[in-house]
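When the count follows full-length UniProt numbering, it moves up by one through the sequence shown with no breaks and lands on 769 for the last residue. C-beta atoms are modelled at their ideal positions from N, C-alpha and C, and glycine is treated no differently. Note that the structure is predicted; figures quoted are calculated from it, not measured.
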Amino acid sequence: MVYLSENRLLGILPHDLCSHAWELQELYLDENQLHGGIPVRIGDCTNLQIASLSSNRFSGSIPATIGNCSVLRELYLDNNNLTGNSIYSFGEIPLELGYLNALQKLALDQNRLSGLIPWTIFNISSMLAMSFTDNELSGNLPPTLGSHLPNLEWLSVEVNNLNGSIPPSISNASKLELLALARNSFSGNPSFLTSLTSCKSLESFRLTGSIPRNIHKLKKLQALSLNHNELHGVIPNQLCELPSLFGLNLEDNNFSGQIPECFPNVTSLREVYLGFNMLSSVIPSSFWDLTYLLDFSLARNNLIGSISPRLGNFKDLISMDLSGNQLSGDIPATIGNLVSLEFLDLSANNLTGIIPKTMESLRYLKQLNVSQNGLWGEIPNGGPFANMSSESFLLNPDLCGLPKFGVQQCTQGHNKHFDKLLIAVVVSIVLSLAIVAFTLTVMLRRRKKSSEERNKVKEELLASLTWRRISLLELQRATDGFDDCNLLGKGSFGRVYKGVLADDTNVAIKVFNELEGEADGNDTECEVLRNLRHRNLIKIISTCYTTGFKALVLEFMPNGSLHKWLYSHNYFLDIFKRLDILIDVASALEYLHQGYSIPVVHCDLKPSNVLLDGDLVAHLADFGISKFIGSGDSMTQTLTLATIGYMAPEFGMDGIVSTKSDVYSFGILVMEVFTRRNPTEESFQEGMSMKQWVTTLVPEGVTKYADANLLNCNSNRDFKSRESCISSIMKLALECCADTPRDRLAINDVLANLRKIKSQLQQDLCRRA
1 MVYLSENRLL
11 GILPHDLCSH
21 AWELQELYLD
31 ENQLHGGIPV
41 RIGDCTNLQI
51 ASLSSNRFSG
61 SIPATIGNCS
71 VLRELYLDNN
81 NLTGNSIYSF
91 GEIPLELGYL
101 NALQKLALDQ
111 NRLSGLIPWT
121 IFNISSMLAM
131 SFTDNELSGN
141 LPPTLGSHLP
151 NLEWLSVEVN
161 NLNGSIPPSI
171 SNASKLELLA
181 LARNSFSGNP
191 SFLTSLTSCK
201 SLESFRLTGS
211 IPRNIHKLKK
221 LQALSLNHNE
231 LHGVIPNQLC
241 ELPSLFGLNL
251 EDNNFSGQIP
261 ECFPNVTSLR
271 EVYLGFNMLS
281 SVIPSSFWDL
291 TYLLDFSLAR
301 NNLIGSISPR
311 LGNFKDLISM
321 DLSGNQLSGD
331 IPATIGNLVS
341 LEFLDLSANN
351 LTGIIPKTME
361 SLRYLKQLNV
371 SQNGLWGEIP
381 NGGPFANMSS
391 ESFLLNPDLC
401 GLPKFGVQQC
411 TQGHNKHFDK
421 LLIAVVVSIV
431 LSLAIVAFTL
441 TVMLRRRKKS
451 SEERNKVKEE
461 LLASLTWRRI
471 SLLELQRATD
481 GFDDCNLLGK
491 GSFGRVYKGV
501 LADDTNVAIK
511 VFNELEGEAD
521 GNDTECEVLR
531 NLRHRNLIKI
541 ISTCYTTGFK
551 ALVLEFMPNG
561 SLHKWLYSHN
571 YFLDIFKRLD
581 ILIDVASALE
591 YLHQGYSIPV
601 VHCDLKPSNV
611 LLDGDLVAHL
621 ADFGISKFIG
631 SGDSMTQTLT
641 LATIGYMAPE
651 FGMDGIVSTK
661 SDVYSFGILV
671 MEVFTRRNPT
681 EESFQEGMSM
691 KQWVTTLVPE
701 GVTKYADANL
711 LNCNSNRDFK
721 SRESCISSIM
731 KLALECCADT
741 PRDRLAINDV
751 LANLRKIKSQ
761 LQQDLCRRA
């Protein structure tokens with residue numbers, strides 16, 4: 001194997017490349033700056049199985065001799081200048097590609113290829129994915145397109161000059177998940193698409209009539225976008241039988257009737273766009289059970305009734321549009337619970353009452369429109385309202401507030417009836433609380449003694465159930481005498497071995513060093529793990545304490561550390577998995593900082609202390625230098641230093657640690673995960689830190705600093721989505737790494753932002769699939 005990807009290599013490939021490497025099986029030269037032609041004698045590499053030459057500057061034609069590479073399984077020539085003669089002309093795809101009967105993946109997109117796609121390529125039964133996107137290919141697709149492709153999962157021919165009808169035989173490709181045909185000149189009836197039972201994305205095929213009743217057969221469908229068509233009739237309940245549906249877009253059609261009551265049955269549903277139709281009646285009560293929605297629009301229909309207070313359960317909602325209906329009643333005060341909301345349009349309805357002051361807590365709200373209603377009272381001026389203008393409140397004559405809102409100034413008369421009501425409520429609450437407090441005091445005094453006795457018994461019982469001592473002899477047997485072949489690594493205060501207990505349980509055994517000065521670290525880690533329980537913290541199974549020997553028996557993590565997955569060539573984490581791991585780590589930190597009775601600072605956050613279980617779920621480990629922060633304190637001081645490169649400035653200079661020190665380290669960890677640059681490497685010890693490096697390169701664009709593997713995708717649209725995602729992540733990381741603790745985000749805000757970034761990426765990729 002030759003692996004030279006992403007090395008900024010220059011020059012041309014030698015014409016006799018295969019003469020000296022005829023046994024070569026895998027060739028990776030992608031993401032370089034190579035130019036010239038692909039060697040004609042590449043056909044001499046008869047053992048070649050994978051050839052990745054994408055994202056270079058290769059020109060000229062694809063050599064016909066490549067047909068001699070009879071065992072070739074994967075061929076990536078995308079994102080080059082491949083043509084027939086020169087970079088100013090277009091060339092055809094050689095017929096000989098159809099001779100590669102073992103080929104599974106073929107990428108020729110983003111070149112300058114023209115002419116027909118050889119029909120022989122569509123006869124390669126082993127083919128899993130092929131992409132010809134963004135060329136100048138012409139002609140028809142073969143009438144037998146899907147007849148000989150039983151394993152095909154991905155076919156993209158968008159952005160070409162193809163024409164004719166879409167062959168109905170494509171329905172025979174029963175494993176097809178993605179079919180991208182856009183921006184060609186195809187014609188015909190796409191009704192056969194409902195036969196593609198493995199398809200995950202169908203998008204706007206210029207349909208007329210109604211939604212096919214057999215749409216429910218597409219059990220794997222994730223995105224259904226039939227907006228801007230001329231569909232009519234009712235929205236069929238069969239849509240609720242699509243268990244994987246993530247996004248539903250039926251906007252700008254002629255649908256009538258009611259919104260289906262069965263939508264909550266689709267638990268995967270995150271986006272619903274039903275605007276610009278003729279839907280009527282009330283919003284069904286079941287709709288408010290869709291508490292996991294991210295975006296929904298019911299705008300410009302004929303809906304009546306009120307907005308349910310259950311709206312406040314939509315904690316993840318980012319965008320909501322109910323404008324242009326006939327909704328009446330108040331805006332529910334529970335709307336203040338929509339902590340993720342960014343866009344809200346309630347304009348052009350018949351809403352009355354006040355604008356709830358609870359909306360001041362919507363910290364992410366960027367756009368608000370409540371114009372053309374019958375609202376009255378004072379417009380709140382805190383929170384997001386500080387950035388609102390008069391356009392948000394037009395044609396509500398009874399509103400009052402600050403001059404910038406374009407409404408009348410509030411007077412005493414606007415609020416006097418609230419004052420009386422408020423006084424009555426406050427008095428009632430105070431009296432009730434006094435009675436309750438007195439009653440509880442008497443009861444607690446009577447029960448305190450017996451309660452303490454019960455709690456003591458309960459704690460002892462739980463301890464006996466949770467902990468069982470394991471003998472040193474059993475640990476020696478489990479590790480073959482602590483043989484080095486079972487050594488997993490060296491931690492801050494000892495060594496970690498893999499072991500198999502007598503009941504065949506795989507465990508990790510952390511044996512503490514018993515050197516002077518290290519006992520405190522051992523006891524700290526034991527204390528932390530004894531008291532804390534969270535799905536993203538490493539779990540303790542047992543202990544072994546004897547004279548001169550201390551060990552913790554921990555849950556075994558079969559996938560090792562995040563460090564291994566970032567820096568080993570034969571491991572790879574895609575963009576979603578990296579986001580998931582960071583969300584796991586942030587969840588663990590949120591629990592340490594805010595979920596336990598005494599805040600705990602980890603103090604040594606880095607990839608080697610993030611362990612991955614069998615499902616690649618992250619677990620935070622190594623609490624050897626962690627610190628408890630006493631009640632009423634926000635920080636503490638320590639003489640123990642964490643790992644250079646990850647430490648917050650105040651930690652390294654003064655030994656002061658707080659929960660915000662962990663946030664700083666987390667920011668560095670985020671940068672490392674998405675750049676694959678280690679903050680401890682030599683280049684960061686010569687006057688420039690990881691934070692400074694990222695700060696310098698952010699204005700130049702994501703491609704200057706991001707791990708290039710994360711930007712490899714099948715289309716320019718996917719690239720833009722990933723680029724935007726990584727840009728948002730780096731912005732968040734830099735906010736975590738503010739110079740002073742008070743300017744850093746709290747970990748719960750970091751966690752909320754990560755979840756929003758992930759959700760946005762999912763939406764973007766689904767829309768563009």
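In the DSSP annotation of this structure, the continuous segment of the alpha helix (DSSP H) that includes residue 691 starts and ends at 690-697. Assignment of beta strand (DSSP E) within the segment 239-297, counting only whole runs of 3 or more residues, yields 247-249, 254-257, 271-273, 278-282 and 295-297 in chain order. Each of 323, 270 and 268 was checked against the Cα of residue 277, and the nearest Cα belongs to 323. Around the beta carbon of residue 567, fewer than 16 other beta carbons sit within 10 angstroms, so the residue counts as exposed. In the structure shown, the three-state DSSP call for residue 345 is strand.
Going by DSSP, residue 581 is part of the alpha helix (DSSP H) stretching over 575-590.
In the pairwise beta carbon analysis, the segment 735-745 is classified as not touching the segment 571-591: fewer than three pairs are separated by under 8 Å. DSSP places residue 352 in the strand class (E or B) of the three-state scheme. With at least 16 other beta carbons inside 10 angstroms of its own, residue 76 counts as buried.
The alpha carbon of residue 644 has as its nearest neighbour, out of 316, 99 and 689, the alpha carbon of 689. Residue burial annotation: residue 149 is buried, with at least 16 other C-beta atoms found within 10 angstroms of its C-beta. Secondary structure of residue 220 (DSSP, three-state): coil. Annotation: residue 648 to residue 678 spans about 16 Å, alpha carbon to alpha carbon. Within the same chain, 34 come within 7 Å of residue 11 by CB-CB distance, once the 5 residues on both sides are set aside. By the C-beta density criterion, residue 408 is exposed, having fewer than 16 other C-beta atoms within 10 angstroms.
By the Cβ neighbour-count rule, residue 22 is exposed, with fewer than 16 other Cβ atoms within 10 Å of its own. Note on residue 556: 16 or more other CB atoms within 10 angstroms of its CB, so buried under the neighbour-count rule.
A distance below 9 Å separates the beta carbons of residue 163 and residue 140. Excluding the 5 residues flanking it on each side, residue 395 has same chain C-beta neighbours closer than 7 Å at 371 and 372, in chain order. A straight line joining the alpha-carbon of residue 353 with that of residue 320 spans about 20 Å. Looking at the backbone, the Cα of residue 24 and that of residue 2 are separated by about 8 Å.
Counting C-beta atoms within 10 angstroms of its own C-beta, residue 659 has 16 or more neighbours from the protein chains shown and is therefore classed as buried. When DSSP states are grouped into helix, strand and coil, residue 235 belongs to the coil group. Judged by DSSP secondary structure, residue 74 falls within the beta strand (DSSP E) whose first and last residues are 74-76. Residue burial is scored here from C-beta neighbours: residue 45 has at least 16 other C-beta atoms within 10 angstroms and is therefore classed as buried. Within the same chain, Cβ atoms closer than 6 Å to the Cβ of residue 51 are found at 27 and 75, the five residues on either side in sequence being excluded.
Bridge partners of residue 81 according to DSSP: 59. Where residue 661 is concerned, the enclosing alpha helix (DSSP H) starts and stops at 659-675. Residue 705 sits in coil when the DSSP states are folded into three classes, being neither helix nor strand. Per DSSP, reduced to three states, the secondary structure at residue 145 is coil, with no helix or strand assignment. Of all C-beta pairs linking the segment 610-621 to the segment 558-575, three or more are shorter than 8 Å, placing the two stretches in contact. Taking a cut-off of 8 Å on C-beta distances, the segment 212-223 does not touch the segment 254-267, as fewer than three cross pairs fall below it. In the three-state DSSP reduction, residue 359 falls in the helix class (H, G or I). With contacts defined as CB atoms closer than 9 Å, residue 344 and residue 368 qualify as a contacting pair. Under the three-state reduction of DSSP, residue 366 is assigned to coil, being neither helix nor strand.
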